[in-house]
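Just remember that this note's numbering sits 330 ahead of the position in the first sequence, which is counted from 1.
Every residue, glycine too, gets a C-beta built ideally from N, C-alpha and C.
Working notes, beginning with the structure itself.
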Amino acid sequence: MAAGKDDEATDPSPTSNLSPPTRLGFAVKVLGRPGLKANDARRWQNGPHLSVSIGFLDAIFDYLAETGIRMYRISSDVAPYVTHPELPQFHGQIEECAEDLAVLGAKARRLDLRLSMHPSQYIVLNSPEERVAASAVADFAYHAAFLDALGAGSEAKIVTHVGGVYGDRPAAIDRFVARYSALPEAVRRRLVLENDEISYPVADTLLVHERTGIPLVFDILHHRVNDPAGMPPEEACRRCTATWPPGQTPKIHYSTQRAAEREVTRRNRTTGERTVGRQAAKAGQHDDFIDPDDFVAFLAATTDLRYDVMLEAKQKDLALLRLREAIADAGLRWRIW
DNA sequence: CGATGTCAAGGAATC
DNA sequence: GATTCCTTGACATCG
Numbered sequence: 331m332a333a334g335k336d337d338e339a340t341d342p343s344p345t346s347n348l349s350p351p352t353r354l355g356f357a358v359k360v361l362g363r364p365g366l367k368a369n370d371a372r373r374w375q376n377g378p379h380l381s382v383s384i385g386f387l388d389a390i391f392d393y394l395a396e397t398g399i400r401m402y403r404i405s406s407d408v409a410p411y412v413t414h415p416e417l418p419q420f421h422g423q424i425e426e427c428a429e430d431l432a433v434l435g436a437k438a439r440r441l442d443l444r445l446s447m448h449p450s451q452y453i454v455l456n457s458p459e460e461r462v463a464a465s466a467v468a469d470f471a472y473h474a475a476f477l478d479a480l481g482a483g484s485e486a487k488i489v490t491h492v493g494g495v496y497g498d499r500p501a502a503i504d505r506f507v508a509r510y511s512a513l514p515e516a517v518r519r520r521l522v523l524e525n526d527e528i529s530y531p532v533a534d535t536l537l538v539h540e541r542t543g544i545p546l547v548f549d550i551l552h553h554r555v556n557d558p559a560g561m562p563p564e565e566a567c568r569r570c571t572a573t574w575p576p577g578q579t580p581k582i583h584y585s586t587q588r589a590a591e592r593e594v595t596r597r598n599r600t601t602g603e604r605t606v607g608r609q610a611a612k613a614g615q616h617d618d619f620i621d622p623d624d625f626v627a628f629l630a631a632t633t634d635l636r637y638d639v640m641l642e643a644k645q646k647d648l649a650l651l652r653l654r655e656a657i658a659d660a661g662l663r664w665r666i667w
């Protein structure tokens, strides 16, 4: 650890060698307070609506303000069925809620929130199937329209992956590049690309960046699971953050890998009896919380970089709050929200 | 009320 | 070519 308590005595300046202000964010679901929902998740038969989700988000923003969290990923399902091909009655929700969205967006700016979205794994731009690719375009357009309706700035990104390989990686990358280039400007100015844990490591996303200019989100867990080039994480992070245009703060995804095996308490469904057992975890699963030592070491190794951090931990905002405590307890002077 | 069923998608692995 | 798994929680319904 390069910037722990031990440095305080020798470091004459309280502000030298610090990372610039860094945001810590979490994704979608709030666990720290009961009753906060991320989106109207009712089935279509019951008439779910974006207007309900907006009310939920308003309450979540209040919670973010109270906890001092200034980065948050909005659920991609915030407007239910808005792109469902067989439910056209849902397609106008953003227009229907334009005023409420503008008000909500003003609140986000007042609270200095950096917002983002992350379409599901089923949104695949580079699919050989035109139908799949077309629905991906429509889904991205919806995400962009939503963030635009909030009046969100250029920092509010839509995060996606390259997609599938289909047995021919160069051709699959070519398709991504071609389809990306044909996207509406409203989508292209928000879309960013993240390395994934199966198909496209950082080296591949860098190739796509070189051909498209699309900024890269570095995901450290995916990198640790899928790194055939053997690139050190700090270097991979450095190369990804360097893809962002001047004036925009890069972001990275940070999470801790769940141990290969863990102790779990199982409850017998009929008897209610509790037993302690061991449960296998697959490589690449997110752990409940963030390993603070690992995180601090990574920060220390990248103090020359500027980036915001989206945490991906099962315990969501609880993991963020715990990590923030650990950083403070370590005596670090990084300013992290 | 607790338990079980349902939903939603595309890719990859397996056969 | 068809099937299964992956992932996931909340909703919805059943008993």
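_Would ILE582 and VAL639 be called neighbours here (beta carbons separated by less than 7 Å)?_
Position 252 of the first sequence, counting from 1, holds the residue named residue 582. Position 309 of the first sequence, counting from 1, holds the residue named residue 639. In contact: ILE582 and VAL639 (Cβ atoms closer than 7 Å).
*For ALA645, name the three-state secondary structure that DSSP assigns.*
By one-based count along the first sequence, residue 645 stands at place 315. Per the sequence presented here, residue 645 reads as Gln, with Ala not at that position. In this structure, GLN645 counts as coil in the three-state DSSP scheme.
*Would GLU524 be called buried (16 or more neighbouring beta carbons within 10 Å of its own) or exposed?*
Position 194 of the first sequence, counting from 1, holds the residue named residue 524. Looking at its Cβ environment, which holds 16 or more other Cβ atoms inside 10 Å, GLU524 is buried.
*Distance, Cα to Cα, LEU521 vs VAL489?*
Your numbering for residue 521 matches position 191 in the first sequence. Your numbering for residue 489 matches position 159 in the first sequence. Taking the straight line from one Cα to the other gives about 6 Å.
*What are the start and end residues of each continuous alpha helix (DSSP H) run of 4 or more residues lying completely inside the segment 401-430, in chain order?*
Taken in chain order, the complete alpha helix (DSSP H) segments of 4 residues or longer contained in the segment 401-430 are 423-426.
*LYS359 and PHE391: beta carbons closer than 7 Å?*
Reading the first sequence from its first residue, position 29 is the one you call residue 359. Reading the first sequence from its first residue, position 61 is the one you call residue 391. No, the pair does not count as a contact, with Cβ atoms beyond the cut-off.
_As a quick exercise: from LEU387, ALA656 and THR632, pick the residue whose alpha carbon is nearest that of ARG403._
The residue labelled residue 403 in the question sits at position 73 within the first sequence. Ranking the options by Cα distance to ARG403, first place goes to LEU387.
*Taking LEU380 as the reference, which of PRO410, PRO364, ILE453 and ALA649 has the closest Cα?*
Position 50 of the first sequence, counted from the first residue, corresponds to residue 380. Looking at the Cα atoms, PRO410 is the closest of the given residues.
*Nearest-angstrom Cα distance between LEU513 and LEU361?*
Locating residue 513 in the first sequence gives position 183, counting from the first residue. Locating residue 361 in the first sequence gives position 31, counting from the first residue. Approximately 36 Å between the Cα atoms of the pair.
*With DSSP run on the structure shown, which of helix, strand or coil describes SER450?*
Within the first sequence, the letter at position 120 stands for residue 450. Three-state DSSP puts SER450 in coil, outside helix and strand.
*With distances taken between CB atoms, is the gap from ASP534 to HIS552 smaller than 7 Å?*
If you number the first sequence from 1, residue 534 lands on position 204. If you number the first sequence from 1, residue 552 lands on position 222. Not closer than 7 Å, so no.
*Can you tell me which of HIS616, ARG568 and GLN419 puts its alpha carbon nearest to the alpha carbon of ALA589?*
Stepping through the first sequence from its first residue, residue 589 is reached at position 259. It is HIS616.
*So what does DSSP say about LEU445, is it helix, strand or coil?*
Taking the first sequence and counting its residues from 1, one reaches residue 445 at position 115. Three-state result, LEU445: strand.
_Rounding to the nearest angstrom, what Cα-Cα distance links ALA486 and ALA432 in this structure?_
Along the first sequence, one-based indexing puts residue 486 at 156. Along the first sequence, one-based indexing puts residue 432 at 102. Distance between the alpha carbons of ALA486 and ALA432 is about 15 Å.
*Measuring CB to CB, does ALA395 end up less than 7 Å from LEU366?*
The residue labelled residue 395 in the question sits at position 65 within the first sequence. The residue labelled residue 366 in the question sits at position 36 within the first sequence. The answer is no: Cβ separation not under 7 Å.
*May I ask you to list the residues that DSSP assigns as paired with LEU521?*
In the first sequence, residue 521 corresponds to position 191, counting from 1. DSSP lists ILE488 as partners of LEU521.
*Should ALA658 and PRO622 be called a contact, given that it needs their Cβ atoms to be closer than 7 Å?*
Along the first sequence, one-based indexing puts residue 658 at 328. Along the first sequence, one-based indexing puts residue 622 at 292. Taking 7 Å as the Cβ cut-off, ALA658 and PRO622 do not qualify as a contacting pair.
*Starting from ALA389, follow its DSSP beta bridges and name the residues at the other end.*
Position 59 of the first sequence holds residue 389. BP columns for ALA389 are empty, so no partner.
*On the three-state DSSP scale, how would you describe ARG599?*
In the first sequence, residue 599 corresponds to position 269, counting from 1. With a pLDDT of 43 at ARG599, under the threshold of 50, the modelled position of this residue cannot be trusted, and the question is left open.
_Among ARG373, ALA501, ASP469 and ARG400, whose alpha-carbon lies nearest the alpha-carbon of LEU641?_
Residue mapping note: residue 641 aligns to position 311 of the first sequence, counting from 1. Nearest C-alpha to LEU641: ARG400.
*Compare the Cα-Cα distances from THR352 to each of LYS644, ARG541 and LEU443 and report the closest residue.*
Position 22 of the first sequence holds residue 352. It is LEU443 whose Cα lies nearest to the Cα of THR352.
_From ILE424, ARG509, VAL517 and ARG569, residue whose alpha carbon lies closest to that of PRO531_ = Stepping through the first sequence from its first residue, residue 531 is reached at position 201. Per the Cα distances, ARG569.
_Given this structure, state the Cα-to-Cα distance separating GLN645 from PHE506, to the nearest angstrom._
As a working note, residue 645 is residue 315 in the first sequence. As a working note, residue 506 is residue 176 in the first sequence. Rounded to the nearest angstrom, the two C-alpha atoms are 33 Å apart.
*Return helix, strand or coil for ILE620, following the three-state DSSP convention.*
Translated into the one-based positions of the first sequence, residue 620 becomes position 290. ILE620 falls in the coil class under three-state DSSP.
*Starting from the C-beta of ARG541, find all residues in its chain whose C-beta is less than 6 Å away, skip the five residues before and the five after it, and write them out in chain order.*
Stepping through the first sequence from its first residue, residue 541 is reached at position 211. Same-chain partners within the cutoff: VAL507.
_Counting C-beta neighbours from all protein chains within 10 Å, is the total for LEU434 16 or more, i.e. buried, or is it exposed?_
Numbered from its first residue, the first sequence carries residue 434 at position 104. By the neighbour-count rule (16 or more Cβ atoms within 10 Å), LEU434 is buried.
*Could you check if HIS491 is buried or exposed, using at least 16 other CB atoms within 10 Å of its CB as the buried criterion?*
As a working mapping, residue 491 is identified with position 161 in the first sequence. Classification of HIS491: buried, given that the 10 Å Cβ count is 16 or more.
*Roughly how many whole angstroms lie between the Cα atoms of VAL626 and GLU515?*
By one-based count along the first sequence, residue 626 stands at place 296. By one-based count along the first sequence, residue 515 stands at place 185. Cα to Cα, VAL626 sits roughly 37 Å from GLU515.
*Can you tell me whether LYS624 is buried or exposed, with buried defined as 16 or more other CB within 10 angstroms of its CB?*
Sequence index remark: in the first sequence, residue 624 carries index 294 (1-based). One point to set straight first is that residue 624 is Asp, not Lys, in the sequence displayed. The residue in question, ASP624, is exposed, as its Cβ has fewer than 16 Cβ neighbours within 10 Å.
*What residue does the beta strand (DSSP E) around VAL547 start on, and which one ends it?*
For the purposes of this step, residue 547 is taken as the residue at position 217 of the first sequence. 546-549 is the span of the beta strand (DSSP E), which, as asked, contains VAL547.
*Can you tell which of PRO458, GLU426, GLY398 and GLU425 has its C-alpha closest to the C-alpha of ARG440?*
Here residue 440 is taken as the residue at index 110 of the first sequence, counted from 1. Closest option to ARG440, Cα to Cα, is GLY398.
*Within its chain, find whatever has a CB closer than 7 Å to the CB of ARG509; leave out the 5 residues flanking it on each side and keep chain order.*
Against the first sequence, residue 509 aligns to sequence position 179. So the qualifying residues of the chain are LEU455, ASN456 and ALA463.
*Among THR586, ASP647 and THR413, which residue has its Cα nearest to the Cα of PRO364?*
For the purposes of this step, residue 364 is taken as residue 34 along the first sequence, with counting starting at 1. The option with the nearest alpha carbon to PRO364 is ASP647.
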